[in-house]
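Novice: Residues in the sequence shown are numbered consecutively from 19, following our numbering. Every residue, glycine too, gets a C-beta built ideally from N, C-alpha and C. I have a structure here, written as structure tokens, and I will follow up with some questions on it.
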Amino acid sequence: MASPTWSASLPGWTLARGRDVGEHDAVFAAGIALKSLDDLIRADPPWIGCWCDRLALKSAAVAAGMLGRSEEEYALRDAVLLMPEYGDPGPAGRLFLATRLLARQSRMPGTPFVKELATLFSIRWDDDLASITDLIDTAIQSGRAAPLVVADLISAITSLRADAEVLALGLGEVVLAVKLKWPKPVPLLLPTRFGSAFRTTGGRGRARPGEPAYPKAICLAVVSSVEAALQSAPDIDRRAARLMAAVPKVRTKGGDAVIQKLRNEDDSGLGAGLQSVTLGSHSTV
């Protein structure tokens, strides 16, 4: 359930339905959506890390499709969760590592971070990609509305390397977080890459980076993604409440650490963690 400080849905008037939306309206709607998401982030619920991991997993599945792979969310998650210590999760698992790394980035991205992301996304590194940090600095200093700054950044990166769109979208999320002074990025752009926000008028094509319709598409993508992210929060909130209700019944040594991990990281694979925790009842989260 939503708390008094944040809502699980956007105001109904955020974006008029059933008509073609202009860029000005799209920017306004994105601003309302980001303010609604900001309320949740500032509330800092104990499960926010798990919530972000869920969104990162959705991002990884979309990234897989963009890179010509077919793995679904469960396969990407399992590739990481079942990876032995110091092991390699394979190309599929590395996509989830990349999007999770993005969601946990708490500092301005430098060249080593961008290079690590490129490696995880299997994107060849070259001098063009090495210049991305300069583009990020320019974006951070821009006075334009944050979603438009992000659209400009993505277009600039893909003009250097068309095959780096997945990297550009992820870095756009980082820049958005910096512009809005969020402690960490929230996966918002990658999850909607194949969504209706990027369809051109008439639905016959898709807006691409650098095209006139792209800034509006990014704004609409933000609205769509924020709406979905907010709607997913109450379910995680309820699961976290049930998990905390089970804490007094934990008997296994180290159980507290497992509980904390489940609250802070993706709990879509809760069974794996709970197998090591003996509870006083058979209730599950």
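How would you label G30, buried or exposed, when you count the other beta carbons within 10 angstroms and need 16 or more for buried?
Specialist: With fewer than 16 Cβ atoms within 10 Å of its Cβ, G30 is classed as exposed.
Novice: Hey, out of I150, S242, L100, D155, whose CA is closest to E183's CA?
Specialist: I150
Novice: What's the gap between the Cα of D253 and the Cα of R162?
Specialist: 35 Å
Novice: Take every Cβ of the segment 190-206, pair it with every Cβ of the segment 238-247, and state whether three or more of those distances are shorter than 8 Å.
Specialist: yes
Novice: Would you identify the three-state DSSP class for R60, choosing helix, strand or coil?
Specialist: In the three-state reduction of the DSSP assignment, R60 falls in the helix class, which pools H, G and I.
Novice: Going straight from the alpha carbon of R256 to that of E229, what length do you get?
Specialist: 42 Å
Novice: So, are the CB atoms of A186 and L73 less than 8 Å apart?
Specialist: no
Novice: Please list, in chain order, all residues of the same chain as G111 whose beta carbon is under 7 Å from its beta carbon, the five residues on each side excluded.
Specialist: For G111, where only same-chain residues beyond five positions count, the Cβ hits under 7 Å are L94, A97, V98, M101.
Novice: If you run the structure through DSSP and keep just helix, strand and coil, what is R256?
Specialist: helix
Novice: D38 to D106, Cα distance in whole Å?
Specialist: 46 Å
Novice: Using the Cβ count rule (16 or more neighbours within 10 Å means buried), how would you classify S77?
Specialist: buried
Novice: Work out the CA separation of L115 and F46 for me, nearest whole Å.
Specialist: 33 Å
Novice: With DSSP run on the structure shown, which of helix, strand or coil describes L138?
Specialist: helix
Novice: My parser needs the alpha helix (DSSP H) runs of 4 or more residues fully inside the segment 144-226; what are they?
Specialist: 145-148, 150-159, 164-178, 183-197
Novice: Let me know the alpha helix (DSSP H) ranges lying completely inside the segment 61-118, each 4 residues or longer, listed in chain order.
Specialist: The alpha helix (DSSP H) runs lying completely inside the segment 61-118 and spanning 4 residues or more are 66-84, 91-99, given in chain order.
Novice: Leaving out five residues on either side along the sequence, give the residues of the same chain with a beta carbon under 6 Å from the beta carbon of E91.
Specialist: L75, A79
Novice: Could you tell me the distance, in whole angstroms, from the CA atom of L52 to the CA atom of A231?
Specialist: For L52 and A231, the distance between alpha carbons rounds to 20 Å.
Novice: Buried or exposed, going by whether 16 or more other CB atoms sit within 10 Å of the CB of Q123?
Specialist: The residue in question, Q123, is buried, as its Cβ has 16 or more Cβ neighbours within 10 Å.
Novice: Hey, would you say V132 sits closer than 8 Å to A157, going by beta carbons?
Specialist: no
Novice: Which of the three DSSP states, helix, strand or coil, is assigned to A26?
Specialist: Looking at A26 - three-state DSSP - the assignment turns out to be coil, as it is neither helix nor strand.
Novice: Assign M126 to one of three DSSP states: helix, strand, or coil.
Specialist: Note: M126 maps to coil in three-state DSSP.
Novice: With burial defined as no fewer than 16 other Cβ atoms inside 10 Å of the residue's Cβ, what is the status of T302: buried or exposed?
Specialist: Here the model assigns T302 a pLDDT of 32, short of 50, so the residue's position is not dependable and the matter cannot be decided.
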